[in-house]
Amino acid sequence: MSIVPKETVEVIAQSMGINNLTPDAALALAPDVEYRMREIMQEAIKCMNHSRRTTLTTDDIDSALKLRNVEPIYGFASGDPLRFRRALGHKDLFYIDDKDVDFKDVIEAPLPKAPLDTSIVCHWLAIEGVQPAIPENAPVEAITAPPETNKAEQKESELPVDIKLPVKHVLSRELQLYFNKITELTLSRSDLVLFKEALVSLATDSGLHPLVPYFTCFIADEVARGLTEFNVLFALMRVVWSLLQNPHIRVEPYLHQLMPSVVTCLVAKRLGNRLADNHWELRDFTANLVAFICRKFGHVYNSLQSRLTKTLLNAFLDPKRAMTQHYGAIQGLAALGPNVVRLLILPNLEAYLKLLEPEMLFENQKNELKRYEAWRVYGALLRAAGQSIYDKLKLFPPLASPPAHVVLRPNARVITSNLTNKHTASTANTDDMDMEHQSPLKKVALEGAIVPVSNNSSPHDMEVEARLPDSSGASEASPPSSLQTPNENNKSSEGRKDRGENESLRMRALLNQTWKEDLKSGQLLAKLYEQFGERIFSFIPTPELELFL
Amino acid sequence: MDEEEIEKVVLAYLKKKGLKQTELAFQEEQQQVKNNADPDVSKQVISLTEPDNVPEQYEDGYCKLRAWTYSSLDLYKHELLRILYPVFVHCFMDLVAKGHIQEARAFFNKFREDHEMMHLRDLQKLEGVLSPSHLEEMEFAHSLRQSKVNIKICQYSYDLMMQYLHKSQSITMLGIINEHINFQVSPGQPISLSDDTEVVTLVGSGQDTANLINQKEIHWGLLEDSVEERLEKTLLSDTEKAEGETKEGESEENKKRSIEGGKQGTSLKKLKKDKVVSAAAKAAKTEGNVSAAPRVKPELSLPVIPTEVEYSILDDLRNRVQLSNVALPSVSFYTFLNTHNGLNCSAISHDGSLLAGGFSDSSLKVWDMALLGQQTDNSILPEENESARSAAGTNSGKRSYTLYRGHSGPVYSAAFSPFGDFLLSSSSDSTIRLWSTKLNANLVCYKGHNYPVWDVKFSPAGHYFASASHDRTARIWSMDRIQPLRIMAGHLSDVDCVQWHANCNYIATGSSDKTVRLWDVQNGECVRIFIGHRSMILSLAMSPDGRYMASGDEDGTIMMWDLSSGRCVTPLVGHSTCVWTLDYSCEGSLLASGSADCTVKLWDVTSSTARVPKSEENKTGSTTNRLRSLKTLPTKSTPVHALKFSRRNLLFAAGPISANGSTY
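If you read the sequences in order, they're chains A and B. Under my numbering, the first sequence has 131 at position 131, and the numbering climbs by one with no breaks. Every position in the second sequence, counted from 1, becomes a number in my numbering once 1000 is added.
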């Protein structure tokens, strides 16, 4: 009824020594209290206005009380701003801290510095209507917009003119229409054929550059608006992909705006709000997208990849994050290449698997969906690890194999790995019991596989580089120095092509030696095979498989 | 339903309402004519006899009316929408009056949003009304209950509404509308939305009275035989002689400069330059501007201007810079430092040589700019300064200002006499004090008001002054009497500001009741009511030709009024918050406004007034005309408290710098 609750009236009555105030009286008083308060405030505002102020002070309240012939409230007259404290346990209750002050302290305290006396300074605010640029006047920069329009207004006729702020960026009508059409298509996805056409257009058309800031803005806005619309998110990522493909567009200046949205689509906890939404697919797609961005712009922005990997690693290593987020992070890291996997994932694998395994077991995780998610993550990890091993292993034996072979195999791998994923997915339930026994062994196996791999990672890095000329056709391979001095190798690899085929034999010998040194890892692969069965095949080049088997 | 039953019901109703005569007449008539009552009527009557105090009726009725209004034809919608607000307010007050406080509050909160845009401040006031006794106590509510609201409406809208009310049988609404709304039905098309400024305020006194008052004749012309007029005559008679006079004037000017200090001196040089350029044009222009105004005789016996003062005025007039929308004035800004949030008001003398500040610690401080200039630059005419210092030195001691002590409460207003030798101050202690700037002493204390005196102003001729107070009156005083000569009562709330008309025959007062009134000084009658502001009036200014008035309010709106018609010429929107001060340039071509938003704005007045005759012809007002904002001069976080055009059209401004933006 009144904004003053009757409890307040009762409390005040008690504080004044009236203990037997009936609830009815309190109820009747409350509206009147409110009315009086409003009246005082109204008068106080008048006093404030006549004091030429726009903030209400305690003085104004006192003046208002005086106007109403009420004793002013004492104790608030000091010029200091009032410090309100919040009462413990009450959200909206504030009070003023009233400290006890010892008279002795006050008397003995040195006199405060006298406040400065009022004085006047005089300056020209304007000379014949123009403000001189002197320190007393407001800086010109801060006020550029209004004066400019004023000047423009003065020049024009005497008619009143509406002030329009200048538009900096003018888009042609066609571009606006194009933009509207694309955004509409992206959001509605009503016509898939047309949308595909639109994506092709985005990826190939020249002259879209003026729209890039709008598209980045659009994408950022839409992603920020919500992660529930799976289809829209996927469509947005496709738009990003197309924009990146377009050779006529420079996306670099807008990357900082794009990246957060893209990474969000990779490692967000939930993408889409329905079970049917295949957010794994979206994550895979986005992982590739991220990797593509890193490859394309990594040289322009040195910090791009490091920042990205940091974000992903954080998501990967935080046990509190959801499985979906881990999956996204692993996929993202894996997409960045085997080196990243070796450097960032494999060292953390042991600890991570410890966390992951309970989640995959039927006993520990009754929620089927969660278990499925855990298996998904496991699959991603397996693929990432396997990929890096494959990347390492493939260097040795097939040196002489034709490039076509190398090209073919990744395809095969992709297919099979998909199969394995499906396999894990479909057999997740049935495999539970088996895996329960297998998993510790498998873990050992994985660890075993990893240790030598990470030990030898640097020379193999070099060999990756060295393989580039190799695959170009000639039977050239890494120089002999590759094992000892990687840095030298870097330099010398430039001129390697010239050395001819004499060296090839020697190199082969050396590589065989390397191979022997890495026999351990070969053995580990054999163990892996025992653990994973068919699944690990896909990561191991055929010749080696034969060798192991 | 039986005939008899109906009769019983009717009788019961009449008895209940205590309408004895009607009852008798009814009975008589009943006996005379024993014919059937219309069943429709009977239904209505029955609904009337139902217990009156059913709050749902109000809410329901208002709800329906609102829904109907919102779905009405677009063409007539805005007219019908106007009805909603008075109905809403009266529904609320009826509910309160009948003691349904809870329901009243619920009703108020439910529909308040609809009216917040137009009537926020009224709603804030009404919100506090929580018991029938408040209704009686609160002036605003009381006057609303007492009077009828005038609403202009076209014939068709009126028919539509009446049809609806009868069909829907919402007797409650019909009752409220009949009781509190006075329709002015006009044939033809609905009035355009933007045109009607009166819709903004529900005037307690009623639009009728306002209109009636605004019928009265006023003589807004300038005084006969003023100094300006004489100057024109001399200018016309011999322009070649003027050259010689200006030479003389220059020597005068040098003397003057010594008084006004260094800053003023430099500006005078500039003024002189301008003067030579515009000398010829000036004569023609002053004729076009000022002398076009009709002349009137003074109603008060005005003091005689001393010859030496007259001479200096003439000199100033000759050296006046002609301002227009292409020739903007120079602005000299006086900034108060270290006011510790205590500066309440400031005043600038006619030539800018004196600056007064009224403080909340009851002190009044006056700075002499000549002395201030001397502190910074001693080279200018030392012998003159010597004498000035000896005059002021007795009181000021070490300070840079002269301290006037006497008030016992915050000083809310200060005003210099037209010739700068007296200073008036008004305070929260309900007194007005007269100080002599020559003697640095308090001369008179005027006690008459019962509450804080918000504003005080000297008449343009001096000697007389007007004050405005919280006691809802404005008073006219003369310097030689301690009792007021006239008391102007009529405002419904505090009188916040006061301003003299150029011919000294009228004063204008602005009030918290959101109206401006014009009063005849001779007979103390209210001759004009200007309605249109949406919040408290803070500042007033009269144009030098006496024809227009400008008023500024708390929301930052400035309105320019035509005194003779009582209509708003044009609202000026630009300031974002309180307009503390307004002043017209001396020939009336520019209006300067100073605001709490730390800007001085210059408005072109001539462009809007030029179109006034046109708008008067078709009687549609002039909302399409907007005064042009010529220039915005922002300060460095200094709210502008006072503005003053000197006679030579140099603009002085004053304000306290706020240490950081947040304190203001």
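Think of the CB as a built atom: it goes at the ideal place given N, C-alpha and C, for glycine as much as any other residue. Everything numeric in this text was worked out from a predicted model, so none of it was measured.
Give the single residue among the options whose Cα lies nearest to the Cα of residue i.
i, options, result
"Phe285 of chain A", "A:Lys296, A:Leu266, A:Arg295 and A:Tyr301", "A:Leu266"
"His1575 of chain B", "B:Ser1459, B:Gly1566 and B:Pro1639", "B:Pro1639"
"Thr309 of chain A", "A:Thr228, A:Cys294, A:Pro358 and A:Arg321", "A:Cys294"
"Pro1544 of chain B", "B:Glu1056, B:Trp1500, B:Ile1305 and B:Asp1553", "B:Trp1500"
"Gln325 of chain A", "A:Lys370, A:Arg307 and A:Phe362", "A:Lys370"
"Ala1441 of chain B", "B:Leu1403, B:Arg1295, B:Thr1339 and B:Ser1467", "B:Leu1403"
"Ile45 of chain A", "A:Glu357, A:Ile134 and A:Thr57", "A:Thr57"
"Leu1692 of chain B", "B:Gly1175, B:Ser1539 and B:Ser1589", "Since the displayed chain B opens at 1001 and closes at 1664, residue 1692 of chain B lies outside it and no answer follows."
"Ile1218 of chain B", "B:Val1600, B:Leu1572, B:Asn1503 and B:Asp1604", "B:Asn1503"
"Pro31 of chain A", "A:Gln14, A:Arg52, A:Met16 and A:Pro5", "A:Pro5"
"Arg1295 of chain B", "B:Val1326, B:Pro1418, B:His1350 and B:Leu1223", "B:Leu1223"
"Ala1571 of chain B", "B:Leu1123, B:Tyr1158, B:Met1560 and B:Ser1469", "Reading the sequence as shown, one finds Pro at residue 1571 of chain B and not Ala. Selected option, being the one with the closest Cα: B:Met1560."
"Leu1355 of chain B", "B:His1119, B:Asn1341 and B:Ser1332", "B:Ser1332"
"Ala1436 of chain B", "B:Ala1468, B:Thr1172, B:Lys1365 and B:Lys1644", "A small fix is needed here, since residue 1436 of chain B is Ser in this sequence, not Ala. Minimum Cα distance to Ser1436 of chain B is reached at B:Lys1365."
"Ala374 of chain A", "A:Ser388, A:Tyr327 and A:Leu211", "A:Tyr327"
"Asp24 of chain A", "A:Glu7, A:Gly17, A:Pro347 and A:Met259", "A:Glu7"
Going straight from the alpha carbon of residue i to that of residue j, what length do you get?
i, j, result
"Gln1322 of chain B", "Ala1592 of chain B", "15 Å"
"Ile1213 of chain B", "Ala1508 of chain B", "14 Å"
"Leu1726 of chain B", "Gln1184 of chain B", "Any question about residue 1726 of chain B goes unanswered here, given that chain B covers just 1001 to 1664."
"Tyr301 of chain A", "Val377 of chain A", "30 Å"
"Gly1358 of chain B", "Cys1497 of chain B", "16 Å"
"Ala1067 of chain B", "Tyr1164 of chain B", "12 Å"
"Ser1426 of chain B", "Ala1461 of chain B", "20 Å"
"Asn19 of chain A", "Ala1489 of chain B", "46 Å"
"Ala315 of chain A", "Asn288 of chain A", "17 Å"
"Gly1352 of chain B", "Val1600 of chain B", "17 Å"
"Gln42 of chain A", "Pro1452 of chain B", "15 Å"
"Lys113 of chain A", "Ile127 of chain A", "39 Å"
"Leu188 of chain A", "Tyr178 of chain A", "For clarity, residue 188 of chain A is Ser in the given sequence; the question names Leu instead. Roughly 15 Å separates the two Cα atoms."
"Gly1018 of chain B", "Gln1027 of chain B", "15 Å"
"Tyr390 of chain A", "Ile330 of chain A", "17 Å"
"Ser1658 of chain B", "His1449 of chain B", "33 Å"
"Ala1654 of chain B", "Ala1347 of chain B", "8 Å"
"Leu361 of chain A", "Thr264 of chain A", "29 Å"
"Val1569 of chain B", "Asn1523 of chain B", "27 Å"
Since I believe residue j is in contact with residue i (beta carbons under 8 Å), could you give me their beta-carbon distance rounded to a whole number of angstroms?
i, j, result
"Cys1586 of chain B", "Arg1647 of chain B", "6 Å"
"Ser261 of chain A", "Leu199 of chain A", "At roughly 17 Å, the Cβ-Cβ gap does not stay under 8 Å, so Ser261 of chain A and Leu199 of chain A are not in contact."
"Val121 of chain A", "Leu1337 of chain B", "6 Å"
"Gly1128 of chain B", "Arg68 of chain A", "14 Å between Cβ atoms; not a contact."
"Ser1493 of chain B", "Leu1485 of chain B", "At roughly 24 Å, the Cβ-Cβ gap does not stay under 8 Å, so Ser1493 of chain B and Leu1485 of chain B are not in contact."
"Arg1528 of chain B", "His1491 of chain B", "Not quite, the Cβ-Cβ distance comes to about 13 Å (not below 8 Å), so this is no contact."
Which residues share a DSSP beta bridge with residue i?
i, result
"Trp1561 of chain B", "B:Met1549 and B:Cys1568"
"Lys1447 of chain B", "B:Thr1431"
"His123 of chain A", "B:Phe1333"
"Pro1634 of chain B", "B:Thr1599"
"Tyr1506 of chain B", "B:Asp1520"
"Val1296 of chain B", "B:Leu1223"
"Ser63 of chain A", "DSSP lists no partner for Ser63 of chain A."
"Met1542 of chain B", "B:Met1549"
Exercise for the section: Taking a Cβ distance cut-off of 7 Å, strictly less, list which residues of the stretch 237-250 of chain A are near chain B, in chain order. Expected result: none
Handout entry: Cβ-based contacts, 8 Å cut-off: residues of the stretch 1090-1103 of chain B near chain A
Key = Ile1101 and Gln1102
Problem - Residues in the stretch 107-118 of chain A having any Cβ partner in chain B nearer than 9 Å - result: Pro115, Leu116, Asp117 and Thr118
Exercise for the section: Return the residues of the stretch 126-138 of chain A that lie within a Cβ-Cβ distance of less than 9 Å from chain B, sorted by chain order. Expected result: Ala126, Ile127, Glu128, Gly129, Val130, Gln131, Pro135, Glu136, Asn137 and Ala138
Exercise for the section: Could you run through the stretch 46-58 of chain A and flag, in chain order, every residue whose CB is less than 9 Å away from some CB of chain B? Expected result: Lys46, Cys47, Asn49, His50, Ser51, Arg52, Arg53, Thr54, Thr55 and Thr57
Handout entry: Within 7 Å of chain A by C-beta, residues of the stretch 1579-1606 of chain B in sequence order
Key = Trp1580, Ala1596 and Val1600
Practice task
Could you list the residues in the stretch 1412-1436 of chain B with a C-beta less than 9 Å from some C-beta on chain A, going in chain order?
Solution key: Tyr1412, Ser1413 and Ser1428
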